[in-house]
């Protein structure tokens with residue numbers, strides 16, 4: 001067992017999302033869920049049972065789904081618009097831009113089964129461009145929680161935030177990396193492991209892998225700082241700059257293409273504040289082969305050992 | 001407000017629109033002329049709105065899905081008291097809040113930002129659904145162009161509105177038969193529209209989109225069919241009111257020269273009885 005978390009107990013963050021939404025829905029009658037024939041995959045069955053009127057299923061029609069969400073926000077509702085992330089973000093990107101971001105509509109976009117959660121189903125079902133797509137739009141915080149605790153906290157934050165946001169949730173089991181009383185703050189990264197030799201920055205399903213890598217590195221006498229950066233936009237400029245200044249090298253890990261995601265967001269801050277060597281782990285600009293999410297992450301160099309290897313190569317460049 | 005007054009207001013909006021396009025050197029004059037009568041009826045006859053309280057939760061909503069005709073909406077909003085009349089002269093100028101497509105954050109009375117086509121009806125469905133959930137009586141109106149109905153997102157929304165039984169939603173299709181570059185008939189003919197909407201479970205009515213009386217009647221609460229969303233197919237002319245622009249595909253976003261401006265203005269002025 002890890003000193004940091006119990007890796008034998010894995011949780012599906014969708015459960016935390018659904019449970020939190022039901023809790024919030026009890027207190028706030030304006031909270032509604034909008035989905036695209038995705039009651040099951042979004043785990044909205046319980047919400048539908050408790051608040052049947054407030055579960056709006058538009059069928060297989062993502063553009064309409066996002067527009068309906070924007071219209072409901074105009075009518076005073078707090079819509080959580082839920083769908084498989086590749087289709088929610090890709091199919092309805094222009095609706096997200098015009099109806100939600102540009103209109104400043106109070107819509108909470110929830111991308112389910114993000115990253116390579118649908119690994120075996122192939123690249124049409126991989127959502128490894130969503131950070132880049134949504135991050136390019138003003139007004140929408142982009143958030144990828146690392147465990148069920150951070151998921152619940154982010155959903156609570158989203159419900160009370162007056163404006164749009166994008167929550168990216170996997171369906172791949174992850175251990176708890178945060179204590180139960182973790183307070184989520186949008187735009188704020190958390191140091192989960194202290195270190196001075198280099199910094200590993202991760203989010204979503206990669207955070208626990210980053211922590212495991214830090215432990216392995218520690219065994220080899222290398223002190224790695226681990227930053228969980230759930231909010232890809234706005235980036236935590238202070239934490240990134242501090243990592244660059246204090247540790248002199250940064251490696252990023254993301255379940256996303258290396259183009260335009262977490263690594264890019266970090267690099268943008270690094271080059272403008274304190275340039276240091278960086279290594280970006282992610283999907284290297286290809287359509288992935290067949291395999292589960294965990295298999296693919298390993299294949300793309302993001303097993304704990306793979307991250308360690310990347311970190312050691314990075315340290316060579318640190319000089 | 002009687003029919004004669006509505007006609008005068010619409011004529012005034014047309015003249016101001018023509019002047020603004022001429023002065024700004026840009027605009028979508030053809031589609032603006034076709035939609036002005038509809039917007040005039042909505043804001044001066046049908047809809048319950050309050051310029052003093054533009055975000056009153058109980059207000060009726062209008063979504064101008066054919067957002068490129070924003071200028072017509074701005075002028076109607078100005079005439080109705082939402083924004084100062086003299087602000088129209090800033091249309092398209094640097095830092096004006098009156099840019100080429102409507103913005104709800106900047107302009108009171110605008111409900112959602114539009115511009116890319118096929119966005120308004122889904123948003124309208126969401127508005128009508130929200131009113132329904134609250135048990136509120138306010139109504140939602142969406143105005144699209146007919147070419148815009150080529151966008152698939154509209155048909156997603158048409159299905160949803162029918163499934164949800166949104167009789168508090170009215171879609172008005174500004175059916176002027178022309179899109180930006182050609183006649184619909186030569187592009188992707190969407191007509192006849194009424195049987196298509198009816199097949200999806202909508203109550204459909206056809207009107208002369210320049211006949212104030214017919215528009216008023218079709219948009220009234222009395223003309224609502226319980227349990228069904230309503231579509232008003234408004235037969236219009238692009239460039240309506242100006243002889244050489246009417247039903248002429250060249251005038252989608254062409255700007256009149258000095259001579260054409262004078263001629264057009266004289267025609268509009270002559271139309272006021």
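Residue numbers (full-length UniProt numbering), protein chains in the order written: chain A, 1 to 319; chain B, 1 to 273.
Note that CB positions come from ideal geometry on N, CA and C, so glycine has one too.
Quick caveat: nothing in here was measured; it's all calculated off a predicted structure.
Taken atom to atom, the span from the alpha-carbon of residue 142/A to that of residue 209/A is near 21 Å. Residue 279/A and residue 213/A have their C-alpha atoms spaced approximately 15 Å apart. For residue 175/B, the enclosing beta strand (DSSP E) has its first and last residue at 169 to 175.
If you check the CB distance, residue 237/B and residue 246/B come in under 8 Å. Cβ-Cβ distances below 6 Å link residue 46/B to 219 in the same chain, with the five nearest sequence neighbours on each side left out; the list follows chain order. Comparing alpha carbon positions, the residue from 101/A, 60/A, 105/A and 95/A closest to residue 83/A is 60/A. Separation of residue 26/B and residue 255/B (C-alpha to C-alpha, rounded to the nearest whole angstrom) is 6 Å. Counting only residues of its own chain and dropping the five nearest sequence neighbours on each side, residue 54/B has a CB closer than 8 Å to the CB of 82, 108 and 109. Under the Cβ criterion of 8 Å, residue 143/B is not counted among the residues facing chain A. With respect to chain B, the C-beta atom of residue 102/A has a partner C-beta closer than 8 Å. Burial check for residue 85/B: the Cβ neighbour count within 10 Å stays below 16, so the residue is exposed. Three or more beta-carbon pairs separated by less than 8 Å are not found between the segment 270 to 284 of chain A and the segment 179 to 196 of chain A, which leaves the two stretches without contact. The DSSP-derived three-state label of residue 29/B is helix. Under the three-state reduction of DSSP output, residue 104/B falls in the coil class, being neither helix nor strand.
For the segment 15 to 27 of chain A, there are no residues whose beta carbon sits under 9 Å from a beta carbon of chain B. A direct Cα-to-Cα measurement between residue 251/A and residue 57/B gives close to 49 Å. The Cβ-Cβ distance between residue 225/A and residue 207/A does not fall below 8 Å. At a Cβ-Cβ threshold of 8 Å, residue 175/B and residue 37/B do not count as neighbours. Secondary structure at residue 77/A: coil, using DSSP grouped into helix, strand and coil.
For a Cβ distance threshold of 8 Å, nothing in chain A lies close to residue 108/B: the least Cβ distance comes to about 14 Å. For residue 239/B, same chain residues with a beta-carbon under 8 Å away, outside a window of 5 residues either side, are 29, 30, 33, 34, 245, 246, 247, 248 and 251 in chain order. Across the segment 161 to 172 of chain B, CB contacts with chain A closer than 9 Å involve 163 and 164, in sequence order along the chain. Cβ-Cβ distances below 8 Å link residue 105/A to 69, 70, 73, 74, 99 and 164 in the same chain, with the five nearest sequence neighbours on each side left out; the list follows chain order.
Rounded to whole angstroms, the separation of the alpha carbons of residue 18/B and residue 241/B is 11 Å. In this structure, the beta-carbon distance from residue 47/A to residue 22/A falls below 8 Å. Residue 18/B sits in a helix when the DSSP states are folded into three classes. For the pair of segments examined, the segment 127 to 134 of chain B was found to touch the segment 154 to 174 of chain B: the number of CB pairs separated by less than 8 Å reaches three. Residue 106/A carries a coil assignment under DSSP once its states are collapsed to helix, strand and coil. Closest by C-alpha distance to residue 150/B, out of 164/B, 105/B and 116/B, is 116/B. Bridge partners of residue 140/B according to DSSP: 61/B and 169/B.
By DSSP's assignment, residue 206/B forms a beta bridge with 233/B.
Under the DSSP assignment, residue 80/B falls in the alpha helix (DSSP H) whose first and last residues are 70 to 80. What residue 56/A touches in chain B, judged by beta-carbon distance under 7 Å, is 129, going in chain order. Selection 191/A, 27/A and 49/A evaluated against residue 243/A yields 191/A as nearest (Cα-Cα). In this structure, the straight-line span from the alpha carbon of residue 44/B to that of residue 93/B is close to 28 Å. Apart from the 5 residues on each side of it in sequence, residue 132/A sits with its Cβ closer than 8 Å to the Cβ of 256, 257, 259, 260, 261 and 264 in its chain, given in chain order.
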